[in-house]
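Have a look at the structure below, then the notes.
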Amino acid sequence: MAEAITLRYPTPRARVEAMMEYHPPLGSRDALRLDFNENTLACSPKVCETLASISAGDLTRYPEREPVEAIVAAHLGLQAEQVALTNGVDEAIHVLFETFLEADHELLLPVPTYTMYQVYASATDALLVAVQAADDLQFPFELLARAISPRTKIIAIANPNSPSGSVATRGQLVELAQRAPHAVLLVDEAYFHFHGETVMDLVGAVPNLVVARTFSKAYGLAGLRLGLLAGPAGLMRWIRRVLSPYSVNSLALACLPPALEDTAYLDWYVAEVLAARRDFEAALDAAGVRRWPSRANFILADIGAKHAEFVRLMRGRGVLVRDRSSDPGCDGRVRITIGTREQMKQAIAALNETLAALRSGSEAQ
Ligand code: PMP
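In the numbering used here, the protein residues as written are 42 to 406.
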């Protein structure tokens with residue numbers, strides 16, 4: 042007779058046991074996707090043509106990233122050694138933190154900001170030092186500069202920031218880099234195209250500056266998982282040691298050159314979003330909803346105590362939006378991605394109906 046076996050699993054590192062869990066609220070997104078700051082429409086048709094031309098034989102090969110890194114570097118005005126492609130910016134953040142953070146180090150962050158900085162930091166032995174932005178959610182430059190210590194090893198700044206849409210100036214970023222020469226300053230330019238300002242041109246000149254970009258937003262390639270880190274060759278060599286040589290797959294690598302080349306498509310999409318952002322801002326203002334100025338493809342709106350119901354009712358009207366209430370200092374706030382003008386007409390109609398329903402209490406549960 043078989044003995045009863047008690048299953049005992051090996052334990053992970055203590056850090057992992059204590060690690061913060063993050064489950065993106067995806068699931069049944071068959072609606073207008075204004076919840077994840079994606080491109081809400083499509084990528085360039087040139088990218089689709091490239092995908093269609095990939096053969097079964099092509100898929101048998103390991104991906105070769107170097108030639109594509111050289112193309113991206115040239116596009117950004119950088120040397121190939123200064124650029125590493127990654128499996129989305131999420132991998133870039135993970136690898137950067139694994140490369141630089143250890144016990145007694147501090148990761149310095151303004152909050153609220155992008156959640157994954159905290160998630161990946163919690164897998165390391167470093168201490169998180171979070172600097173809370175004021176109610177206006179502007180970049181808390183002074184407080185951040187004062188929080189720099191000899192233990193600060195990475196300062197991570199999303200520029201534009203999420204979920205606020207606020208920005209740091211070039212002068213502020215350079216000053217932070219200079220005031221913490223012993224630390225890496227990560228400037229995450231995931232939403233660069235909607236803002237138009239960058240510090241990419243300072244890569245190499247500022248010895249501790251590393252810039253991240255993604256192809257998940259304006260380029261519309263979130264499903265392919267494609268991002269990059271750019272920094273001085275002397276820093277990138279350590280990052281490359283930690284980065285898997287094959288983490289960017291061959292489909293993503295094949296699609297990157299046509300995505301970069303089709304500037305007409307990118308410019309069209311960005312202009313569309315900027316026009317739609319103005320329309321949506323006007324709608325929020327007309328409805329008397331407080332909002333924060335945004336330089337990205339989303340807007341943070343103050344819905345108040347009924348935020349969860351707002352999100353549910355918007356979903357009922359076919360529009361997905363993201364409750365950011367649990368972000369530090371964001372109680373009652375909802376983030377709404379901006380799509381095309383046509384899509385935002387639907388969003389504005391849903392917004393007005395939902396606000397009316399909430400105000401009259403007619404659809405309350
Ligand atoms: N940085 C910021 C500021 C983001 O908002 C996001 C996307 N949510 C990312 C990075 C992640 O981008 P990717 O899809 O390239 O991993």
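From the three backbone atoms N, C-alpha and C, an ideal C-beta is built for every residue, glycine too.
Check: Taking just the CA atoms, how far does Asn338 sit from Asp76?
Finding: The residue labelled residue 76 in the question sits at position 35 within the sequence shown. The residue labelled residue 338 in the question sits at position 297 within the sequence shown. Whole-angstrom Cα-Cα distance: 11 Å.
Notebook entry, point to check: Pick out every residue whose C-beta is nearer than 5 Å to a heavy atom of the ligand PMP: which are they, in chain order?
Noted result: Gly129, Val130, Asp131, Tyr155, Ala199, Ser203, Asp229, Ala231, Thr255, Ser257, Gly268
Note to self: Relative to the C-alpha of Arg319, which candidate in Ile389, Cys296, Gly345, Glu107 has its C-alpha closest?
What the structure shows: Taking the first residue of the sequence shown as position 1, residue 319 is located at position 278. Selected option, being the one with the closest Cα: Ile389.
Check: Under three-state DSSP, which class holds Gln159?
Finding: For the purposes of this step, residue 159 is taken as the residue at position 118 of the sequence shown. Note: Gln159 maps to helix in three-state DSSP.
Check: How should Asn393 be labelled, buried or exposed, when 16 other C-beta atoms within 10 angstroms of its C-beta is the threshold for buried?
Finding: In the sequence shown, residue 393 corresponds to position 352, counting from 1. The residue is exposed, with fewer than 16 neighbouring Cβ atoms inside 10 Å.
Item checked: C-alpha gap between Leu361 and Val352, whole angstroms -> Indexing the sequence shown from 1 puts residue 361 at position 320. Indexing the sequence shown from 1 puts residue 352 at position 311. C-alpha separation (whole angstroms): 7 Å.
Next item on the list: Hey, could you find the ends of the beta strand (DSSP E) Gly339 is sitting in?
Entry: For this step, residue 339 is matched to residue 298 along the sequence shown. First, the amino acid is wrong: residue 339 is Phe here, not Gly. Residues 339-343.
Checklist line | Pick from Leu226, Arg70, Arg374 that is closest to Phe141, judged by C-alpha positions | finding: On the sequence shown, residue 141 is found 100 positions in, with the first residue counted as 1. Answer by Cα proximity: Leu226.
Check: Whose C-alpha, out of Arg192, Val375, Leu297, Val240, is nearest the C-alpha of Gly118?
Finding: For the purposes of this step, residue 118 is identified with residue 77 of the sequence shown, where counting begins at 1. When each option's Cα is compared against that of Gly118, the closest is Val240.
Next item on the list: For Pro151, name the three-state secondary structure that DSSP assigns.
Entry: The residue given as residue 151 occupies position 110 in the sequence shown. Strand at Pro151.
Next item on the list: Using DSSP bridges, identify the partner residues of Gln173.
Entry: Position 132 of the sequence shown, counting from 1, holds the residue named residue 173. Answer is Val152, bridged to Gln173.
Check: What is the DSSP secondary structure of Lys258, reduced to helix, strand or coil?
Finding: Within the sequence shown, residue 258 is the residue found at index 217, counting from 1. Coil at Lys258, not helix or strand.
Check: Can the beta-carbon of Leu399 be found less than 8 Å from the beta-carbon of Glu350?
Finding: What you label residue 399 is simply residue 358 of the sequence shown in a count that begins at 1. What you label residue 350 is simply residue 309 of the sequence shown in a count that begins at 1. Yes, they are a contact pair.
Next item on the list: From the DSSP output, in three-state form, read off Gly268 for me.
Entry: Within the sequence shown, numbered from 1, the residue matching residue 268 stands at position 227. Note: Gly268 maps to strand in three-state DSSP.
Checklist line | Ala72 to Arg358 span [Cα, whole Å] | finding: Your numbering for residue 72 matches position 31 in the sequence shown. Your numbering for residue 358 matches position 317 in the sequence shown. Cα to Cα, Ala72 sits roughly 9 Å from Arg358.
Check: How many Å lie between Ser203 and Ser69 at the Cα?
Finding: Sequence index remark: in the sequence shown, residue 203 carries index 162 (1-based). Sequence index remark: in the sequence shown, residue 69 carries index 28 (1-based). Taking the straight line from one Cα to the other gives about 23 Å.
Note to self: DSSP three-state label for Val362, please.
What the structure shows: Along the sequence shown, read from residue 1 onward, the residue named residue 362 stands at position 321. Note: Val362 maps to coil in three-state DSSP.
Check: Apart from the five residues on each side of it in sequence, which residues of its chain come closer than 8 Å, Cβ to Cβ, to Ser85?
Finding: The count along the sequence shown starts at 1 and reaches residue 85 at position 44. Excluding positions up to five away in sequence, the list reads Tyr260, Gly261, Pro299, Ala300, Asp303, Tyr306, Leu307.
Check: Which one of Pro151, Arg278, Pro51 has the shortest CA to CA distance from Val228?
Finding: On the sequence shown, residue 228 is found 187 positions in, with the first residue counted as 1. Checking every option, the nearest Cα to that of Val228 belongs to Pro151.
Notebook entry, point to check: Looking at C-beta atoms only, is the number of pairs between the region 186-196 and the region 158-176 that lie closer than 8 Å three or more?
Noted result: Counting Cβ pairs under 8 Å, three or more are found: they touch.
Next item on the list: Please classify Asp8: does DSSP put it in a helix, a strand, or coil?
Entry: Residue 8 cannot be examined here, being either before or after the span of the chain that is shown, 42 to 406.
Item checked: Ile134 - containing alpha helix (DSSP H), residue span -> In the sequence shown, counting from the first residue as 1, residue 134 sits at position 93. 129-141 is the span of the alpha helix (DSSP H), which, as asked, contains Ile134.
Margin query: If you reduce the DSSP assignment to three classes, tell me which class Leu483 lands in.
Written below: Because residue 483 is not part of the residues shown, which for the chain are 42 to 406, the question remains open.
Notebook entry, point to check: Would Leu185 pass as a contact of Leu149 if the rule is Cβ separation under 8 Å?
Noted result: Taking the sequence shown and counting its residues from 1, the one referred to as residue 185 is at position 144. Taking the sequence shown and counting its residues from 1, the one referred to as residue 149 is at position 108. With a cutoff of 8 Å on beta-carbon distance, Leu185 and Leu149 are scored as near each other.
Checklist line | Opening and closing residue of the beta strand (DSSP E) in which Val375 lies | finding: The count along the sequence shown starts at 1 and reaches residue 375 at position 334. First-last of the beta strand (DSSP E) with Val375: 374-378.
Check: Around the C-beta of Arg254, are 16 or more other C-beta atoms found within 10 angstroms, so that it is buried, or is it exposed?
Finding: Start at 1 with the first residue of the sequence shown, and residue 254 comes out as number 213. Buried, since its Cβ has 16 or more Cβ neighbours within 10 Å.
Checklist line | Contact under 8 Å by Cβ, Gly373 with Ser367 | finding: As a first step, residue 373 is located in the sequence shown; it is residue number 332 there, counting from the start. As a first step, residue 367 is located in the sequence shown; it is residue number 326 there, counting from the start. Taking 8 Å as the Cβ cut-off, Gly373 and Ser367 do not qualify as a contacting pair.
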